[in-house]
Amino acid sequence: MKLVKVDWMDSAACDGWVGVTYAEEFNPSKCVTVGWVVKKTREYITTVGSKSDSINYSQLMAIPRSCIISIKELEE
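Printed below as a string of structure tokens:
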């Protein structure tokens with residue numbers, strides 16, 4: 282498995298009342314995920330943040346490719 286750093290954009294939400302300026306300046310959130318790639322498809326990649334010797338995974342993250350800004354392979 283490859284260890285990667287994924288920069289990606291996520292949806293953002295606010296459920297309270299806000300002013301016009303706040304609403305006009307409201308943006309999606311830029312996120313960073315570091316993990317091992319366990320699956321790649323044309324639509325998304327799936328990473329895990331932790332793995333055990335018995336091949337169990339934790340912290341699964343499926344990121345749509347349309348949200349990905351960049352993927353950088355890291356050294357372990």
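The numbers in the sequence shown follow our numbering, run straight up by one, and end at 357.
Quick reminder that beta carbons are idealized off the backbone N, C-alpha and C, glycines included.
Counting along the chain, the unbroken beta strand (DSSP E) around E354 starts and ends at 349-355. Within the model, the alpha-carbon separation for A343 versus F307 is close to 24 Å. Considering only L355, D296, S335, I349, the residue with the shortest C-alpha distance to T327 is I349. Remark: fewer than three beta-carbon pairs, one from each stretch, lie closer than 8 Å, so the stretch 329-336 and the stretch 292-299 are not flagged as touching. According to the DSSP assignment, V301 belongs to the alpha helix (DSSP H) that extends over 301-306.
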